[in-house]
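With mature numbering (1 follows the signal peptide of the UniProt record, and there is no 0) applied, the sequence shown corresponds to residues -19 to -1, 1 to 232, in that order.
Cβ atoms here follow ideal geometry from the backbone N, Cα and C, with glycine treated the same way.
Right, one structure below, let's go through it.
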Amino acid sequence: MRKLIFGLFIAFLPALGLAAGGAASLDAFESDHSDKASLQRGVATFTNYCMGCHSMEYARYKRVADDLEIPAELYEANLIFTGAKIGELMKNSMNKDMAADWFGAPPPDLTLETRLRGEAWVYSYLRGFYKDETRPFGVNNVVFPLVGMPHALVGLQGLCAVEPHIGVEASVEPLSGSINNADVCPEYAIEGSMTGAEFDQAMYDLTNFMSYMADPVKLERERLGIFVLIFVAIFFVFAYLLNREYWKDVH
């Protein structure tokens, strides 16, 4: 009995830790791996703004190109900047020792990031940077306090002068009709090339792509799961009838 109780305690320990962690509020996120256009925009954003530091070395370029319905020649010409071939793993050319000197630690591989932290966490984190001159790179993050990386997307979003409103739903003033919290950033220190809505959409596409990378067979798995459940239901009927036939003389 003691071993059973100890085993249950160990099993639920991570959940207890998360519950007591005081995590920041997150914005809701629901991925859609069937939206090829969103995934295509996401891989373009990742390649242009993230892959200089972060790799996705558990996936191959060709698999991504095939799944996202991007012609291999087009992908190789526009989305591979390291000289790698289309069949190679998605690595970057950054030296890890040099990266550790620059950032304090080498930037992590992001193939499984949404499974590690959750889609909502990644989506909120990407939109959670703000100006903080006490930090080495001049920015902080409401989702990841004391973050050790620069705001790589500052050219798109701009730089929020105050903490962004992450996890706060927009609301409408009943008298004026104005929308509160329509933009996660209420005040900008640096203007970006995108509006708040455009940046939110770009970060949705990027997070959607990262979600696909972490689980590229999700759609196929869900499709097969329906047939498996149908098979189990039919099998149950026959198993029940067979069991009743076996035991009818006993009863």
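Each of D48, E179, M79, N122 was checked against the Cα of V24, and the nearest Cα belongs to D48. Note on the region 27 to 108: whole alpha helix (DSSP H) runs with a minimum of 4 residues are 42 to 48, 53 to 60, 77 to 84, 94 to 98, 100 to 107, in chain order.
Between T95 and S192, the CB-CB gap stays under 9 Å. Under the three-state reduction of DSSP output, F118 falls in the coil class, being neither helix nor strand. Only residues of its own chain outside the window of five on either side were considered, and among them M71, K72, N73, D90 have a CB closer than 7 Å to the CB of S36, listed in chain order. Distance from P117 to C34 at the Cβ level is roughly 15 Å; contact not present, criterion being Cβ atoms closer than 8 Å. If you draw a straight line from the Cα of M130 to the Cα of V165, it is about 20 Å long.
Cβ contact annotation for T188 (same chain, cutoff 8 Å, sequence separation greater than five): F10, S12, G23, T95, E100, V103, Y104, L107, in chain order. For T63, same chain residues with a beta-carbon under 8 Å away, outside a window of 5 residues either side, are K72, N73, S74 in chain order. Put simply, of L134, T115, P167 the residue whose alpha carbon is nearest the alpha carbon of F180 is L134.
With distances taken between CA atoms, S15 lies nearest to F190 out of F190, S174, R98, L137. With a threshold of 16 other beta carbon atoms within 10 Å, D186 meets it and is buried.
Non-local beta-carbon contacts of G148 in its own chain, meaning distances under 8 Å to residues more than five positions away in sequence, involve A5, S6, L7, D8, S105 in chain order. Between K229 and V218, the alpha-carbon positions lie close to 16 Å from each other. If you ignore the 5 residues before and after K77, its C-beta comes within less than 6 Å of the C-beta of P87, all in its own chain and listed in chain order. The secondary-structure analysis by DSSP pairs G139 across a beta bridge with E172.
The three-state secondary structure of F110, taken from DSSP, is strand. When the five nearest sequence neighbours on each side are left out, the beta carbons in the same chain lying within less than 6 Å of the beta carbon of M32 are those of N73, in order along the chain.
Where F216 is concerned, the enclosing alpha helix (DSSP H) starts and stops at 199 to 228. Bounds of any alpha helix (DSSP H) do not take in E11, whose DSSP letter is neither H nor E. Around the beta-carbon of P126, fewer than 16 other beta-carbon atoms lie within 10 Å, marking it exposed. Cβ-Cβ separation between P197 and R44: approximately 7 Å, consistent with a contact (criterion under 8 Å).
A straight-line Cα-Cα distance of about 9 Å links G139 and T176.
By the Cβ-count criterion, M194 is buried, with 16 or more other Cβ atoms from all chains shown falling within 10 Å of its own Cβ. Going by DSSP, S192 is part of the alpha helix (DSSP H) stretching over 177 to 195.
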